[in-house]
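Protein chains in written order, with the working numbering: chain A, 470 to 934; chain B, 470 to 934.
There are 2 protein chains.
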Amino acid sequence: MKRENFSEWFNQILEKAGILDIRYPVKGLYVWLPYGMKIRECVIKIIKEILENHGHEEVLFPLLIPEDFLRKESEHIRGFEEQVYWVTRGGSKELNVKLALRPTSETAIYPIVSLWIKSHKDLPLKIYQIVNVFRYETKHTRPLIRLREITTFKEAHTFHRTFEEAEAQVKEAIEIYKKFFDRIAIPYLINKRPDWDKFPGAIYTIAFDTIFPDGKSLQIATIHNLGQNFSKPFNIKYEKVDGNFEYVYQTCYGISDRVIASIIAIHGDDRGLILLPEISPYQIVIIPIIYKESRQKVLNKAWKIYNLLKEKYKIYIDLREDETPGSKFYYWEMKGIPIRIEIGPRDVDEGVVTIFRRDKMERIKVRDEDLENTLKDMMNDIYKNLRERAWKFLEENVVRIFRIEDIREGYINEISLCGKDSCGRYIEEKTGLRVLGEAIEKKEDGYCLVCKERTDKIYRVAKSY
Amino acid sequence: MKRENFSEWFNQILEKAGILDIRYPVKGLYVWLPYGMKIRECVIKIIKEILENHGHEEVLFPLLIPEDFLRKESEHIRGFEEQVYWVTRGGSKELNVKLALRPTSETAIYPIVSLWIKSHKDLPLKIYQIVNVFRYETKHTRPLIRLREITTFKEAHTFHRTFEEAEAQVKEAIEIYKKFFDRIAIPYLINKRPDWDKFPGAIYTIAFDTIFPDGKSLQIATIHNLGQNFSKPFNIKYEKVDGNFEYVYQTCYGISDRVIASIIAIHGDDRGLILLPEISPYQIVIIPIIYKESRQKVLNKAWKIYNLLKEKYKIYIDLREDETPGSKFYYWEMKGIPIRIEIGPRDVDEGVVTIFRRDKMERIKVRDEDLENTLKDMMNDIYKNLRERAWKFLEENVVRIFRIEDIREGYINEISLCGKDSCGRYIEEKTGLRVLGEAIEKKEDGYCLVCKERTDKIYRVAKSY
Numbered sequence: 470m471k472r473e474n475f476s477e478w479f480n481q482i483l484e485k486a487g488i489l490d491i492r493y494p495v496k497g498l499y500v501w502l503p504y505g506m507k508i509r510e511c512v513i514k515i516i517k518e519i520l521e522n523h524g525h526e527e528v529l530f531p532l533l534i535p536e537d538f539l540r541k542e543s544e545h546i547r548g549f550e551e552q553v554y555w556v557t558r559g560g561s562k563e564l565n566v567k568l569a570l571r572p573t574s575e576t577a578i579y580p581i582v583s584l585w586i587k588s589h590k591d592l593p594l595k596i597y598q599i600v601n602v603f604r605y606e607t608k609h610t611r612p613l614i615r616l617r618e619i620t621t622f623k624e625a626h627t628f629h630r631t632f633e634e635a636e637a638q639v640k641e642a643i644e645i646y647k648k649f650f651d652r653i654a655i656p657y658l659i660n661k662r663p664d665w666d667k668f669p670g671a672i673y674t675i676a677f678d679t680i681f682p683d684g685k686s687l688q689i690a691t692i693h694n695l696g697q698n699f700s701k702p703f704n705i706k707y708e709k710v711d712g713n714f715e716y717v718y719q720t721c722y723g724i725s726d727r728v729i730a731s732i733i734a735i736h737g738d739d740r741g742l743i744l745l746p747e748i749s750p751y752q753i754v755i756i757p758i759i760y761k762e763s764r765q766k767v768l769n770k771a772w773k774i775y776n777l778l779k780e781k782y783k784i785y786i787d788l789r790e791d792e793t794p795g796s797k798f799y800y801w802e803m804k805g806i807p808i809r810i811e812i813g814p815r816d817v818d819e820g821v822v823t824i825f826r827r828d829k830m831e832r833i834k835v836r837d838e839d840l841e842n843t844l845k846d847m848m849n850d851i852y853k854n855l856r857e858r859a860w861k862f863l864e865e866n867v868v869r870i871f872r873i874e875d876i877r878e879g880y881i882n883e884i885s886l887c888g889k890d891s892c893g894r895y896i897e898e899k900t901g902l903r904v905l906g907e908a909i910e911k912k913e914d915g916y917c918l919v920c921k922e923r924t925d926k927i928y929r930v931a932k933s934y
Numbered sequence: 470m471k472r473e474n475f476s477e478w479f480n481q482i483l484e485k486a487g488i489l490d491i492r493y494p495v496k497g498l499y500v501w502l503p504y505g506m507k508i509r510e511c512v513i514k515i516i517k518e519i520l521e522n523h524g525h526e527e528v529l530f531p532l533l534i535p536e537d538f539l540r541k542e543s544e545h546i547r548g549f550e551e552q553v554y555w556v557t558r559g560g561s562k563e564l565n566v567k568l569a570l571r572p573t574s575e576t577a578i579y580p581i582v583s584l585w586i587k588s589h590k591d592l593p594l595k596i597y598q599i600v601n602v603f604r605y606e607t608k609h610t611r612p613l614i615r616l617r618e619i620t621t622f623k624e625a626h627t628f629h630r631t632f633e634e635a636e637a638q639v640k641e642a643i644e645i646y647k648k649f650f651d652r653i654a655i656p657y658l659i660n661k662r663p664d665w666d667k668f669p670g671a672i673y674t675i676a677f678d679t680i681f682p683d684g685k686s687l688q689i690a691t692i693h694n695l696g697q698n699f700s701k702p703f704n705i706k707y708e709k710v711d712g713n714f715e716y717v718y719q720t721c722y723g724i725s726d727r728v729i730a731s732i733i734a735i736h737g738d739d740r741g742l743i744l745l746p747e748i749s750p751y752q753i754v755i756i757p758i759i760y761k762e763s764r765q766k767v768l769n770k771a772w773k774i775y776n777l778l779k780e781k782y783k784i785y786i787d788l789r790e791d792e793t794p795g796s797k798f799y800y801w802e803m804k805g806i807p808i809r810i811e812i813g814p815r816d817v818d819e820g821v822v823t824i825f826r827r828d829k830m831e832r833i834k835v836r837d838e839d840l841e842n843t844l845k846d847m848m849n850d851i852y853k854n855l856r857e858r859a860w861k862f863l864e865e866n867v868v869r870i871f872r873i874e875d876i877r878e879g880y881i882n883e884i885s886l887c888g889k890d891s892c893g894r895y896i897e898e899k900t901g902l903r904v905l906g907e908a909i910e911k912k913e914d915g916y917c918l919v920c921k922e923r924t925d926k927i928y929r930v931a932k933s934y
């Protein structure tokens with residue numbers, strides 16, 4: 470399993486580690502396996518915690534959207550029209566109103582929210598849901614990356630009194646996603662998408678992009694300022710303090726299964742997964758090294774340590790008798806378990822255990838009495854190391870480019886552009902890459918690579934998933 | 470809000486307590502609100518814990534099932550044919566293969582499981598998922614009870630070497646659901662459904678039925694022994710110890726949103742919800758009774774108690790200044806919060822607090838130093854009381870009947886029947902009620918009410934949702 474051949478490695482590890490079964494016989498649909506489900510649940514827990522700390526409440530809207538709702542905002546339906554799955558029959562009957570499988574839930578949520586919001590006192594309103602959404606993708610589909618059923622779509626929707634409050638919410642959303650991706654040690658670049666690539670119906674779109682081991686960028690989160698583009702057709706109005714009515718200002722933002730794809734792709738190595746303690750189904754696996762004569766004393770110590778640690782850590786003790794210690798090591802390394810504790814007869818005699826950490830593939834001996842402190846420090850250090858390593862890789866693959874002909878596939882290219890659509894489009898045509906958009910946290914004086922106008926804007930360009 | 474007018478009460482409480490918004494403009498589809506979502510999450514946590522303790526692993530299969538899969542087991546498709554929603558278009562294209570929205574997931578799961586199972590060592594296999602499923606109901610739809618999108622469908626699927634092992638699994642499933650319904654204090658009767666009412670494709674179906682305040686029965690869980698009915702068409706075979714191959718034996722069992730419906734309907738009263746501590750979004754709400762001059766000392770004590778309890782309980786402190794204590798009492802009673810702590814200026818002076826418990830509507834004064842112990846005992850007692858009360862209501866509404874003309878709507882009627890379909894069908898025609906099936910844990914010598922044959926079988930008959 471060489472991670473150099475990234476596509477192949479990715480599909481192999483999904484199967485071998487028990488994340489997904491990719492043999493479901495419909496294009497773009499996959500089966501989540503138990504180990505994958507556990508990782509997914511850890512990730513969901515983190516994003517829910519962060520959203521709730523920021524005052525978002527969880528809701529759940531129906532999957533099926535009547536055709537007339539979906540068509541209410543004209544740019545929105547133009548953007549999604551070719552991707553919508555339509556339910557046209559119920560039993561043996563043709564439905565009177567066609568029902569769309571939600572490609573995203575604006576048009577399901579907003580008609581109902583228009584009933585909820587009456588006065589300025591009802592604002593701001595911040596809600597989110599975690600649902601499956603459907604896109605009839607005609608491009609090449611890929612597990613966790615380009616799906617026809619996105620199984621883990623977290624979408625937040627917010628409603629505000631003024632444009633400024635919606636702008637402030639976009640900034641809050643950026644902070645929320647920074648916290649989230651920092652917590653799961655995924656590096657990112659934040660780009661304001663060019664106009665032709667924004668969310669259908671939005672005023673503008675801010676995206677988080679990361680970089681995969683093959684040098685391609687992947688969009689992992691988007692944040693949209695919707696202005697009043699949806700509140701007008703959906704009639705979401707509130708009574709102001711002065712008694713007049715105004716349409717609300719809105720934002721929405723989302724992440725998807727791609728978060729899990731990133732964790733697998735960015736932290737993994739040739740041996741398989743490498744999981745952060747917080748998102749690993751088990752944080753520690755104990756492997757007793759059993760020989761006939763010392764069997765009992767080794768098992769005693771293994772259970773003693775298991776009992777010592779079980780309240781603090783998600784821990785598993787691998788007692789399989791038909792596998793050698795070596796094959797167990799290999800197995801749990803492939804599964805990405807952060808820390809392995811090996812206990813052999815000599816370790817019992819010497820009052821030590823052997824600790825192995827997956828991220829650095831390092832093995833140390835620790836005295837029994839130091840075990841708990843060592844584990845605690847090591848868990849933190851694994852997080853720190855994975856995060857630093859991932860950021861280092863990203864930073865090494867961002868290149869500052871001053872001539873169009875130097876723009877390279879396999880890197881994120883930073884170039885000066887004036888911001889006009891025509892100049893961005895020219896870059897895309899010339900290079901065959903994607904203009905990810907303007908770096909929102911970076912400025913540099915220069916000249917647009919296309920029209921030579923003065924500009925301090927930096928744009929990012931990359932081959933993209 | 471009188472619970473006597475049950476249907477009206479139920480819809481009102483869903484809205485007022487913030488469980489569901491029932492105004493989504495497609496029949497049989499509803500919107501989960503934040504408070505409802507929190508209750509739902511508590512319930513999901515319990516069933517997951519119990520299933521995992523019994524060795525079930527969580528998976529997630531796609532929503533869309535190709536038509537030829539759905540049609541593989543002939544009785545199954547006959548049973549569901551008229552209830553299936555069909556996706557026939559993607560974007561502007563007609564799909565080559567029609568895709569069903571899963572009405573249940575046997576036909577999505579079994580083709581893939583047939584790839585997983587090779588040898589007797591792979592058995593038993595026990596998996597479950599919690600998903601949305603779809604039924605094009607033509608009957609009257611009702612929130613949480615009869616839905617077109619069932620949003621919380623927990624389905625378990627198990628695979629075994631022999632028929633006996635599948636039978637043992639049916640018994641384990643009964644134990645699982647007993648644990649689950651006992652934990653959420655919902656009373657049940659366990660009935661073996663008559664042949665004409667079993668799950669399409671099953672050998673037989675065991676159901677858990679409860680009784681609603683209006684005297685109608687509600688099916689809240691079903692367990693199916695599938696024998697080899699699915700393993701043959703889906704080719705799920707395993708290699709036996711002797712090297713021969715055999716088709717596996719299967720069971721499946723499920724619960725749905727109806728669990729939440731039961732919690733609301735069975736425990737509630739004229740004032741609204743009554744929630745068990747384990748499934749209440751907050752277990753305790755503190756309401757400081759604020760007067761101008763004693764404001765600070767009351768708030769100090771309220772926060773002190775909040776901080777004392779916040780690690781142990783889900784607790785909320787209601788500091789709204791634009792609501793009177795009385796209206797706060799009313800609000801949280803309606804929301805079903807198990808325990809309310811009221812703190813007034815006199816309570817501060819006397820070193821006591823006032824505790825109110827929702828289930829009995831009782832108020833007591835407790836000395837500060839006794840608070841923690843009192844709360845702990847009271848939480849247990851609330852559970853015990855709600856459970857006893859619910860079982861008492863069920864038992865009072867089960868009647869032993871000896872003549873067909875005495876069978877009554879509004880009760881669960883227990884009658885002697887021989888077990889022949891023709892006798893059961895006769896009872897249904899004659900009474901307009903539903904034969905729920907044979908009581909699996911009760912026998913009594915008697916004569917079939919229809920054909921007068923000797924029998925020790927007891928059948929249950931009721932008006933049913």
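All C-beta atoms in this analysis are idealised placements derived from N, C-alpha and C, irrespective of residue type, glycine included.
Per-residue burial, residue i [other beta carbons within 10 Å of its own, 16 or more giving buried]
i, result
"PHE714(A)", "exposed"
"ASP678(B)", "buried"
"LYS899(A)", "exposed"
"THR573(A)", "buried"
"GLU542(A)", "buried"
"HIS609(A)", "exposed"
"GLN719(A)", "buried"
"THR793(A)", "exposed"
"TRP665(A)", "exposed"
"PRO494(A)", "exposed"
"ASP816(A)", "buried"
"PRO865(A)", "Looking at the sequence itself, residue 865(A) is Glu, so the reference to Pro does not match. GLU865(A) should be labelled exposed."
"ASN882(A)", "buried"
In DSSP terms, what residue i is bridged to
i, result
"LEU483(B)", "According to DSSP, LEU483(B) bridges with nothing at all."
"ILE881(A)", "VAL867(A)"
"TYR707(B)", "GLU715(B)"
"THR679(A)", "LEU687(A)"
"LYS834(A)", "THR823(A)"
"ARG923(B)", "TYR916(B)"
"LYS623(A)", "ILE599(A) and ILE724(A)"
Nearest neighbour of residue i, chosen from the options [CA to CA]
i, options, result
"ALA690(A)", "LEU745(A), VAL710(A), ILE806(A) and ASN660(A)", "ASN660(A)"
"ILE488(B)", "SER686(B), LYS804(B) and LEU498(B)", "LYS804(B)"
"TYR928(B)", "GLU780(B), ILE870(B) and GLY879(B)", "ILE870(B)"
"ALA654(A)", "VAL639(A), GLU575(A), GLU747(A) and LEU592(A)", "GLU747(A)"
"LEU498(B)", "THR843(B), PHE603(B), PHE798(B) and LEU840(B)", "PHE603(B)"
"GLU831(A)", "GLU811(A), PHE668(A) and ILE759(A)", "GLU811(A)"
"ASN474(A)", "GLY524(A), ILE599(A), PHE681(A) and ARG547(A)", "PHE681(A)"
"LEU483(A)", "LEU613(A), GLU633(A), PRO535(A) and LEU568(A)", "LEU613(A)"
Would you mind listing the alpha helix (DSSP H) stretches within the segment 756-808 of chain B that are 4+ residues and don't spill past its ends, in chain order?
Entirely contained in the segment 756-808 of chain B, the alpha helix (DSSP H) runs reaching 4 residues are, in chain order, 764-778 and 794-803.
Which whole runs of the beta strand (DSSP E) in the segment 487-563 of chain A are 3 residues long or more, in chain order?
Listed in chain order, they are 533-535 and 554-559.
On the three-pair Cβ rule with 8 Å, is the segment 913-923 of chain A touching the segment 883-902 of chain A?
yes
Along the segment 575-594 of chain A, where does the CB come closer than 9 Å to a CB of chain C? Name the residues.
Here the protein chains are A and B, and chain C is not one of them.
Within 8 Å, do at least three Cβ pairs link the segment 742-759 of chain B to the segment 509-526 of chain B?
yes
Check whether the segment 694-714 of chain B touches the segment 565-584 of chain B, counting contact only when three or more Cβ pairs, one atom from each stretch, lie closer than 8 Å.
A contact exists between the segment 694-714 of chain B and the segment 565-584 of chain B.
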